[in-house]
Structures are given as structure tokens and as C-alpha cells.
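Residue 6 in the numbering used here sits at position 5 of the sequence shown, with consecutive numbering throughout.
All C-beta atoms, glycine included, are put in the ideal place defined by N, C-alpha and C.
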Amino acid sequence: MKDSRYVESVCGKFCRYYKEGKEELYCGGYKILEQNLTASELSELVKTSPPKLKSDNLIHQLNLETDKKLRVFVCDKCDFKLDGCDFRDGYSGAPCGGYTILYSLFESEK
Ligand code: SF4
């Protein structure tokens, strides 16, 4: 079961696909963030350094090199990938909130 503190920081704030009641499925971004940051570190991160691009805009300005890394690091571990993800399957939709946060972190490291 997802931790409501992480859900608030990742899904509630940044994921256009989030619906309450689907707490048994974990996107790859959520998993990575939960494994590497405490809930308070994540809350502070998204408060002080929110993603520079919203997920809807990100798709139009995507850095393909960064996306290539995140495909392996994030999307290959995603529960939603099995049923298909519009973003991952040909960039026909915006990415999820976890991807959006991690993309911004990867881009800020350059
Ligand atoms: S962008 Fe799609 S495949 Fe990648 S982590 Fe998010 S939901 Fe999963």
C-alpha cells in the first residue's frame, strides 16, 4: 500500500493520471523516490524545487538523452507499463508525476 505522504507529494501534486483508490499500483517514479528519500525530504524537495516543467509541457521540450536514462532507471520498473503508458508508448501523452519530478532532477544536474 502506498504511503499517503508520498502520494501527496508525487501523485496528488504532479500526476495528471492520479485517481484515489488505485493505491496498489506503483509507477516507477514513485518507487524510486520512495526508496531514496524520506517522506519529509521529498516534501521539502517538491516545495523548494518543484519540477520546472509541467508534465503536459515536458513532452514538447523533452531532452531525449535524459529520457533514455529515465526509461531504464524509472519506466522499466513501472507497474503501469504492462497495460501501456501513453508517454512511454510513443510519447502520445504526458508522463506521470514521478517521472516528471525525476526528469527535473536529472536535468538540474547538468
Ligand atoms: S512515464 Fe509511464 S512508464 Fe514511465 S514511470 Fe510514469 S507511468 Fe510508468
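Compute the minimum distance between the beta carbon of V75 and the heavy atoms of ligand 1, and state whether it is under 7 Å.
-> Yes, Cβ of V75 sits closer than 7 Å to a heavy atom of ligand 1.
Less than 7 Å between the CB of N3 and some heavy atom of ligand 1, yes or no?
-> The identity of residue 3 in the sequence shown is Lys, whereas the question assumes Asn. No, Cβ of K3 sits at least 7 Å from all heavy atoms of ligand 1.
Taking C-alpha atoms, which residue in G99, E108, F107 and L106 lies nearest to C12?
-> G99
Note the first and the last residue of the continuous alpha helix (DSSP H) segment covering G29.
-> G29 to N37
Are the beta-carbon atoms belonging to C79 and C16 less than 8 Å from one another?
-> no
Does the pairing of the segment 27-45 with the segment 90-99 give three or more beta-carbon distances under 8 Å?
-> yes
Have a look at N58 and T101 and give me their C-alpha separation to the nearest angstrom.
-> 10 Å
CA-CA distance, E45 and D84?
-> 32 Å
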